[in-house]
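Worksheet for the structure shown next.
Residue numbers (the numbering used here): 495 to 655.
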């Protein structure tokens, strides 16, 4: 096998890999189509009780309010340059529901899903429709039995641009 030469060793066109791929070093992608991945992504495992701060950054705050029916609550920490921040969600547990709201810092804590129950999965998208430089977020909340911990997947793009 010849020595790797970055100026000569490249792949062009579609590539399909079956099995394991081991990369030593840095992987660089250029000219990719179809958008880019998130700037931040995390999986968070939290107990069901007591109240839990799920996510908090300079722009938004997301919380689980441990009540008789658990609530997902949100708050805008910083307004976009124009308009409000949209929170759009869908829950497909035992009582499927969906909804949305547009809020800003003056609205304080807002209940998004007032019935996040057992064996429920909820998705939520957060963005500022009038400000493409405001972050875009995707959340997936998954819960098993009432007393079990729940998992949240957070993906954040720093802007829509």
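Cβ coordinates follow ideal geometry from the N, Cα and C atoms, glycine included.
- Secondary structure of residue 649 (DSSP, three-state): strand.
- For residue 545, the closest C-alpha among the options 639, 638, 601 and 644 is that of 644.
- Here DSSP, grouped into helix, strand and coil, assigns residue 599 to helix.
- The beta carbons of residue 653 and residue 629 sit closer together than 8 Å.
- Rounded to whole angstroms, the separation of the alpha carbons of residue 647 and residue 535 is 7 Å.
- DSSP lists 620 and 650 as the bridge partner or partners of residue 631.
- In the same chain as residue 593, and ignoring 5 residues on each side of it, the C-beta atoms closer than 7 Å to its own belong to 583, in chain order.
- Cβ-Cβ separation between residue 609 and residue 591: approximately 7 Å, consistent with a contact (criterion under 8 Å).
- Counted as a single uninterrupted DSSP element, the beta strand (DSSP E) harbouring residue 549 occupies residues 546 to 550.
- Looking at 542, 599, 541 and 606, the one whose alpha-carbon comes closest to that of residue 619 is 606.
- Listed in chain order, the non-local C-beta contacts of residue 598 below 6 Å within the same chain comprise 570, 573 and 578, local neighbours out to five positions each way being set aside.
- Closest option to residue 567, judged by alpha-carbon separation, among 576, 561, 557 and 641: 557.
- A distance of 8 Å or more separates the beta carbons of residue 538 and residue 631.
- Apart from sequence neighbours up to five positions away, the residues of its chain that approach residue 614 with a beta-carbon distance below 8 Å are 585, 586, 587, 588, 635, 636 and 637, ordered along the chain.
- In this structure, DSSP gives residue 636 an extended state, which the three-state scheme calls strand.
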